[in-house]
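Q: First the structure, which I've put down as structure tokens, then a few questions once you've had a look.
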Amino acid sequence: MTIASCIWIGIEHLAIDVAVGAVRSHRHTRQVFCGGLAAAEGLRAAVNEQTSTGQSGDLEPEWHDADPGTIIGAGLLSDLLRQRSPVEEVVLVLPPWDARHHPAPLGTGGEVSLAVPSLEVTLDHTRGFVESVVMSAAAARAVMSPPESIGMTILSPATSAQSALGAGLQALTETWTYVEQSSWQDQGLQLALMQPAQWLSERASTKR
Numbered sequence: 063m064t065i066a067s068c069i070w071i072g073i074e075h076l077a078i079d080v081a082v083g084a085v086r087s088h089r090h091t092r093q094v095f096c097g098g099l100a101a102a103e104g105l106r107a108a109v110n111e112q113t114s115t116g117q118s119g120d121l122e123p124e125w126h127d128a129d130p131g132t133i134i135g136a137g138l139l140s141d142l143l144r145q146r147s148p149v150e151e152v153v154l155v156l157p158p159w160d161a162r163h164h165p166a167p168l169g170t171g172g173e174v175s176l177a178v179p180s181l182e183v184t185l186d187h188t189r190g191f192v193e194s195v196v197m198s199a200a201a202a203r204a205v206m207s208p209p210e211s212i213g214m215t216i217l218s219p220a221t222s223a224q225s226a227l228g229a230g231l232q233a234l235t236e237t238w239t240y241v242e243q244s245s246w247q248d249q250g251l252q253l254a255l256m257q258p259a260q261w262l263s264e265r266a267s268t269k270r
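Count along the sequence shown from 1, add 62, and you get the number used in the working numbering.
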């Protein structure tokens, strides 16, 4: 029997309840978690505990340290996607819209926060954000084919953008997803941007 894989990217930004719910709802799909493992120790422990107390025959999750926002990490993810074929779904978990120490929220006039991020932090956040979306999508499309594959889902941050940079990244992601959807549909694949709770609700209703 061929085992399909669900590839998670950016797990350092993934809520524990969503990860546990994914494992619980997809007991016969291999869950492959990728991202900054050092920042996801609590999530990893919770998921492993769920599988250790689950049903006989449950698939053990896999864990890989890989960042799609870097050239090396993107290469590792591309190799991993090919090795874990057939890939049922790729789920990209976005980081917060705002860079660390974001400036004052939108609509507060010209007041400048004391926590304005440096130019280096702003550029790193923007570059990493955009590259993770583009590289993850390219790697996913390269290995996906219906009917085995559903497509790619991008999970939005739980909180809205509170800075001009964050609002720009949010608008860019929404527009990019909207424009790209038609080409994915031409291949018989889905491309969606949604909140984690919505994804979990939809996938729970179609347990595998």
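Just so it is clear, CB atoms sit at the ideal spot from N, CA and C, and this is done for glycine as well.
1) Pick out whichever of A77, A84, P148, A266 has its Cα sitting closest to the Cα of P208.
2) Between which residues of its own chain and M27 is the CB-CB distance below 6 Å, once the five residues before and five after are set aside?
3) Which residues bound the alpha helix (DSSP H) around Q260?
4) What number of angstroms, rounded off, separates the C-alpha of Q243 from the C-alpha of I69?
5) Just checking my contact of T113 with V85 at CB under 8 Å: how many whole Å lie between their CB atoms?
6) In whole angstroms, give me the CA-to-CA distance for Q249 and P258.
7) Under 9 Å, do R146 and W125 count as touching if we go by C-beta distance?
8) For the beta strand (DSSP E) that M214 lies in, which residues bound it at each end?
9) Pick out whichever of S263, S211, G230, Y240 has its Cα sitting closest to the Cα of L251.
10) Would you mind sorting L216 into buried or exposed? The rule is 16 or more other CB atoms within 10 Å of its CB.
11) Can you say whether A100 is buried or exposed, counting buried as having 16 or more other CB atoms within 10 angstroms of its CB?
12) Does DSSP put E242 in a helix, a strand or coil?
13) Give the C-beta separation of A77 and G97 to the nearest angstrom, bearing in mind that I take them to be a contact with Cβ-Cβ under 8 Å.
14) How is D127 classed by DSSP in three states: helix, strand or coil?
15) Have a look at the DSSP bridge pairing and note the partners of S67.
16) Give the DSSP-derived three-state secondary structure of A100 in the structure shown.
17) Can you list, in chain order, the residues of its chain with a C-beta nearer than 6 Å to that of I71? Leave out the 5 residues immediately preceding and following it.
18) Please classify Q224: does DSSP put it in a helix, a strand, or coil?
19) Go ahead and label H90 buried or exposed: buried means 16 or more other beta carbons lie within 10 angstroms of its beta carbon, across all protein chains shown.
20) Taking C-alpha atoms, which residue in R92, D79, L121 lies nearest to A102?
A: If we stick to the structure as given:
1) P148
2) This structure leaves residue 27 out entirely; the chain is present only between 63 and 270.
3) 258–266
4) 19 Å
5) 6 Å
6) 25 Å
7) no
8) 213–217
9) S211
10) Sequence check: residue 216 is Ile here, not Leu. It is buried - the Cβ of I216 has at least 16 other Cβ atoms within 10 Å.
11) exposed
12) helix
13) No, A77 and G97 are not in contact; Cβ-Cβ is about 13 Å, not under 8 Å.
14) strand
15) R92, V149
16) helix
17) C96, P130, L154, S198
18) coil
19) exposed
20) D79
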